[in-house]
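Q:
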Amino acid sequence: MSRTRIGLAILLAGMISVGVAMIGQRWIDARGTDQVTIIRPSAPLQILPEFSLPDLHGDEVSSSEWSGKIVILNYWASWCPPCVREIPLFIQTQSTLGEAQVQVVGIAVDRLDDITQFIADYPLNYPILIANPAAMALSKRLGNRVEGLPFTVIFDQRGRRVFSRTGEITAAELASELDPLIKTKGS
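Numbering follows the UniProt record's numbering, with no gaps: position 50 of the sequence shown is 50.
This is how it looks when you write it as structure tokens:
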């Protein structure tokens, strides 16, 4: 290729680039700045927010139903081995501490058919809510930036976040978080 053709090709590419940039700028200007959204990471929520999610029957369940209780939110799925390993711990916690105003709430990140089958095989003694896009957004707002499972958040009786963890929670961890809250409630 001759130098003239190379020069013309570079000139043409430059003109096309300038044209595309001008068209792009006009498009941005036409949209207006009110439609530009700047997303900044924020600190995780420190208070249990008001939200509602559907249960297994499609009925909306509101977080206000747990007002004044220690709340354990647990995001889980039937296909997640660590999630399934945690379930007996949450069943035991709900059985033994439910009278102490502890409420375990499962938020299932799964297909409804799979959840229903899982619960038929392994009955649970705490409410299961169905995750939807709002639930996943809430998970992120609570600190689960990577949307990992399982994800557990504990709120005290006043709705203040006292613990959160992505990954399997142990009985020792759960007890170390709940014991002071239950003792405080009894005082």
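Even for Gly, the Cβ is constructed at its ideal location relative to N, Cα and C.
This structure is a prediction, so every number in the text was calculated from the model and none was measured.
By the three-class DSSP mapping on this structure, what secondary structure does G32 have?
A: Your numbering for residue 32 matches position 32 in the sequence shown. The predicted position of G32 is uncertain, since its pLDDT is 48 and thus under 50; no value can be drawn from it.
Q: Which of the three DSSP states, helix, strand or coil, is assigned to F118?
A: Against the sequence shown, residue 118 aligns to sequence position 118. Helix.
Q: Mind listing, in chain order, the continuous alpha helix (DSSP H) runs of no fewer than 4 residues lying wholly within the UniProt domain "Thioredoxin" (42–183)?
A: If only complete runs of 4 or more residues are kept, the UniProt domain "Thioredoxin" (42–183) shows the alpha helix (DSSP H) at 81–97, 112–121 and 133–141, in order along the chain.
Q: Might you give, ordered along the chain, the residues of its own chain that have their beta carbon closer than 6 Å to the beta carbon of I72, omitting 5 neighbours on each side?
A: One-based indexing of the sequence shown puts residue 72 at position 72. Once the five neighbours on either side are set aside, the close Cβ partners of I72 are V104 and I154.
Q: Going by beta carbon distance, what residues of the same chain come within less than 8 Å of Q101, once the five residues before and after it are set aside?
A: By 1-based counting over the sequence shown, the position of residue 101 is 101. Within the same chain, Q101 has close Cβ partners G68, K69, I70, Q157 and K185.
Q: Tell me the rounded alpha-carbon separation between C80 and K183.
A: The residue labelled residue 80 in the question sits at position 80 within the sequence shown. The residue labelled residue 183 in the question sits at position 183 within the sequence shown. C-alpha separation (whole angstroms): 33 Å.
Q: Within its chain, find whatever has a CB closer than 8 Å to the CB of P54; leave out the 5 residues flanking it on each side and keep chain order.
A: In the sequence shown, counting from the first residue as 1, residue 54 sits at position 54. In its chain, beyond the 5 residues on either side, E60, V61, L129, I130 and N132 have a beta carbon closer than 8 Å to the beta carbon of P54.
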